[in-house]
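In this note's numbering, the protein residues as written are 84 to 398.
Remarks on the structure that follows.
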Ligand SMILES: [Zn+2]
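Printed below as a string of structure tokens:
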């Protein structure tokens, strides 16, 4: 089984055959549930008048502007949140994803009558597709989360036992205050959750070092600026931290200017564990299979290396 999957995956790359790639098991371990469906699906659901995401955006600010103007207004009820989560799961299945770790923002609880309705909805989706995909819900929060929301929204999510990991996202700044979230990360660790953080996407390696040292994370979403600092790369390797990389996201948001020199190559050569992921399918319009093919076509990796990377996402 494993050998035939290896063969099919490598053939898919060499023949640039997406349907073969989609038949091979893959992980998507860095994605955001509300944006985990194709634009076409979202637009149809929203009534057909949503403006398409631009092909280039001004970083997280540009991304937030698009979401604020175009998508968020359509999400009004718990049923809407359920729809978005379920579509993200269905989309992943259709791409051959067998391990899915998408973040669900803890503020989504507020769309439901109570936290149990929210948690039940997630469990119902998990159970509905359990034979097809290992859907591991991840609880997400923005960096600007209020102290009240940390207590009232995040803690119940951690305590629920439903979420298998935690993630933090938002605009990157030099003053990211990881210190204030330290105790929540420690609590999540105590409860058995895997710890992730968005870092080093736009800011330099000091942002990554700070996140590692303060939050003691297992994985970093992006983390690509570590490529500019040997100490940061050594730290990542020494602590066995996995970097969950999203190439199309880097191109469209402008964090990588020359994709032929994408940092993933050097990070891989340093022996750092990396995975390839979608980030926001609705925005970047590229599933995991397409992302592998994209890196292959760029000439960044050969088929054996990408197969090795693929397997790292299935753990
Ligand atoms: Zn992300």
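The beta carbon of each residue, even a glycine, is placed where N, CA and C say it ideally should be.
As assigned by DSSP and simplified to three states, the class of residue i
{"i": "residue 313", "result": "helix"}
{"i": "residue 431", "result": "Nothing about residue 431 can be read from this structure; the chain reaches only from 84 to 398."}
{"i": "residue 88", "result": "helix"}
{"i": "residue 164", "result": "helix"}
{"i": "residue 347", "result": "helix"}
Contacts around residue i, its chain only, beta-carbon distance under 7 Å, and the 5 residues preceding and following it disregarded
{"i": "residue 297", "result": "261, 262, 265"}
{"i": "residue 212", "result": "172, 176, 218"}
{"i": "residue 267", "result": "233, 237"}
{"i": "residue 198", "result": "192, 239"}
{"i": "residue 92", "result": "104, 107, 390, 393"}
{"i": "residue 224", "result": "188, 189, 237, 251"}
{"i": "residue 160", "result": "194"}
Beta-carbon proximity list for residue i, same chain, < 8 Å, skipping 5 on both sides
{"i": "residue 358", "result": "110, 112, 113, 325, 326, 327, 328, 392, 395, 396"}
{"i": "residue 89", "result": "390"}
{"i": "residue 208", "result": "165, 168, 169, 172, 218"}
{"i": "residue 158", "result": "117, 164, 167, 194"}
{"i": "residue 356", "result": "323, 324, 325, 326, 395"}
Below-8 Å beta-carbon distance, residue i vs any chain B residue
{"i": "residue 154", "result": "The structure shown contains no chain B; it is built from a single protein chain."}
Opposing strand residues paired with residue i [DSSP bridges]
{"i": "residue 302", "result": "279, 325"}
{"i": "residue 110", "result": "182"}
{"i": "residue 359", "result": "328"}
Cβ neighbours of residue i in the same chain (closer than 6 Å, five flanking residues each side left out)
{"i": "residue 338", "result": "284, 285"}
{"i": "residue 369", "result": "331"}
{"i": "residue 115", "result": "186, 363"}
{"i": "residue 311", "result": "288"}
{"i": "residue 196", "result": "none"}
{"i": "residue 334", "result": "342"}
{"i": "residue 346", "result": "307, 310"}
Point to revise | Residue ranges of each alpha helix (DSSP H) within the region 174-262, 4 or longer | key: Within the region 174-262, the complete alpha helix (DSSP H) runs of at least 4 residues are 198-211, 238-243.
Point to revise | Inter-stretch contact at 8 Å, needing at least 3 Cβ pairs: the region 278-285 / the region 295-313 | key: Remark: three or more beta-carbon pairs, one from each stretch, lie closer than 8 Å, so the region 278-285 and the region 295-313 are flagged as touching.
Review point. Are at least three pairs of beta-carbons, each pair with one atom in the region 87-103 and one in the region 141-156, less than 8 Å apart?
Key: The region 87-103, when compared against the region 141-156, does not touch it at the 8 Å Cβ threshold.
Check your understanding: Within the chosen definition, does the region 375-383 reach the region 119-126 through at least 3 CB pairs nearer than 8 Å?
Key -> Counting C-beta pairs closer than 8 Å gives fewer than three between the region 375-383 and the region 119-126, which falls short of the contact rule.
Review point. Is it a yes or a no for the region 187-202 touching the region 230-245, going by three-plus beta-carbon pairs under 8 Å?
Key: Counting C-beta pairs with one atom in each stretch, the region 187-202 and the region 230-245 have three or more that are closer than 8 Å, which means they touch.
Review point. Contact between the region 234-249 and the region 268-276: three or more CB pairs below 8 Å?
Key: Contact between the region 234-249 and the region 268-276 is present, because at least three Cβ pairs lie under 8 Å.
Practice item. State whether the region 147-157 contacts the region 123-134, with contact taken as three or more CB pairs (one from each stretch) at a distance under 8 Å. Key: Yes: at least three Cβ pairs fall under 8 Å.
Review point. Is there contact here, the region 249-260 with the region 209-219, by at least three beta-carbon pairs under 8 Å?
Key: In this structure the region 249-260 does not lie against the region 209-219, because fewer than three pairs of beta carbons, one per stretch, are closer than 8 Å.
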